[in-house]
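Below is one structure, written out as structure tokens; comments come after it.
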Amino acid sequence: NAGVMQNPRHLVRRRGQEARLRCSPMKGHSHVYWYRQLPEEGLKFMVYLQKENIIDESGMPKERFSAEFPKEGPSILRIQQVVRGDSAAYFCASSPGQLGSPLHFGNGTRLTVT
Amino acid sequence: RKEVEQDPGPFNVPEGATVAFNCTYSNSASQSFFWYRQDCRKEPKLLMSVYSSGNEDGRFTAQLNRASQYISLLIRDSKLSDSATYLCVVNMAGSNYQLIWGAGTKLIIKP
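Heads up: the sequence lines are chains Z and S, in that order. Following our numbering, the numbering of the first sequence begins with 144 at its first residue and continues without gaps. Following our numbering, the numbering of the second sequence begins with 2 at its first residue and continues without gaps.
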């Protein structure tokens, strides 16, 4: 049973380019979370999605960031016009959604903006 | 007061010793509790869920104290490989998805 799959593992973008981060949840999981982690800092919640719905995007910057979880295919976190401050590790986690269910994390995507 | 608080450490502990740390939470109605560990530059990994009656998994014991609103993690016979940051996670009361993460306690096991 494959775990949460994220790709790419490492992504380098120049300022102003777009970054697309992909996440395939564990089999049977329909709930996806995205977190950001800066070096030496804790996890920061960004967005929570179920299939075709954004449930909570309170942690996501209002501009340049968007997320989706289509009916088919992986969840995508999209960052437009990246800036140096977007450099971070972006982790995706999934769960089956029941109360008491823990999250299972992917390996993360390390975004570097040059 | 933060919703979930942890002593950031670091806790420097000799190999073989027992170490314990707590995590306090502010909302008395919270229902689900977890301990995760995170190694440097890696993803958080679930260590254990914390049940009302307390639970044990090998050298690890987790306890929940609802009256004082904290959970604890005890590690016996610590190994070098236990060096990591330990993250406490609490669900927001009334929600089955909103999880509040502590900032983590850094543990360093020394030979």
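Idealized CB from N, CA, C, for every residue including glycine.
- DSSP-derived helix/strand/coil call for valine 82/S: Looking at the sequence shown, residue 82/S is not valine but serine. Helix.
- Task: Quick one: residues in its chain with C-beta nearer than 6 Å to the C-beta of glutamine 223/Z, no 5 flanking neighbours on either side, listed in chain order?
- Result: Glu161 and Arg207
- Please say whether isoleucine 72/S and leucine 65/S have beta carbons closer to each other than 9 Å? yes
- Task: Report yes or no: do three or more beta-carbon pairs, one from the segment 209 to 216 of chain Z and one from the segment 183 to 199 of chain Z, lie closer than 8 Å?
- Result: yes
- Item | Which of helix, strand or coil DSSP assigns to arginine 227/Z | helix
- Task: Mind reading off the beta-carbon distance from lysine 107/S to proline 9/S? Whole number of angstroms is fine, and I expect it under 8 Å.
- Result: 6 Å
- Could you list which residues in chain Z have their beta carbon closer than 8 Å to that of proline 11/S, in chain order? Simply none; closest approach about 12 Å.
- Which word fits asparagine 196/Z, buried or exposed, when buried means at least 16 other C-beta atoms lie within 10 angstroms of its C-beta? exposed
- Message: So that I know if they touch, is there some Cβ in chain Z lying closer than 9 Å to that of tyrosine 26/S?
- Response: no
- Query: Since glutamine 64/S meets chain Z, which of its residues come closer than 8 Å, beta carbon to beta carbon?
  - Reply: By Cβ distance, chain Z contributes nothing, its closest Cβ being about 17 Å from glutamine 64/S, past 8 Å.
- Go through its chain and collect everything with a Cβ distance to alanine 18/S's Cβ below 6 Å, but skip five positions before and after it. Ser79
- For cysteine 166/Z, which three-state DSSP category applies? strand
- Message: With a threshold of 8 Å, are at least 3 pairs of Cβ atoms found where one atom belongs to the segment 21 to 36 of chain S and the other to the segment 179 to 187 of chain Z?
- Response: no
- Message: Quick check: is the beta carbon of glutamine 70/S nearer than 9 Å to any beta carbon in chain Z?
- Response: no
- Per DSSP, what kind of secondary structure is serine 201/Z in: helix, strand or coil? coil
- Per DSSP, cross-strand counterpart(s) of alanine 68/S: Beta-bridge pairing links alanine 68/S to no other residue.
- Query: Quick one: which chain S residues come within Cβ less than 8 Å of histidine 247/Z?
  - Reply: Leu47
- Message: Against chain Z, with Cβ distances strictly below 9 Å, would asparagine 92/S count as a contact?
- Response: yes
- Based on the DSSP output, what are the partners of aspartate 8/S in its beta bridges? Bridge partners of aspartate 8/S: none, in fact.
- Message: Looking at the secondary structure, which residues open and close the beta strand (DSSP E) in which serine 218/Z lies?
- Response: 218 to 222
- Within-9 Å CB hit, serine 238/Z to chain S: yes
- Item | Residues near alanine 104/S in its chain [Cβ-Cβ closer than 7 Å; skip 5 each side] | Gln7 and Pro9
- Item | Neighbour list for valine 150/Z in chain S, Cβ cutoff strictly below 8 Å | It should be pointed out that residue 150/Z corresponds to asparagine in this sequence rather than to valine. Chain S residues near asparagine 150/Z: none, gap ~14 Å exceeds 8 Å.
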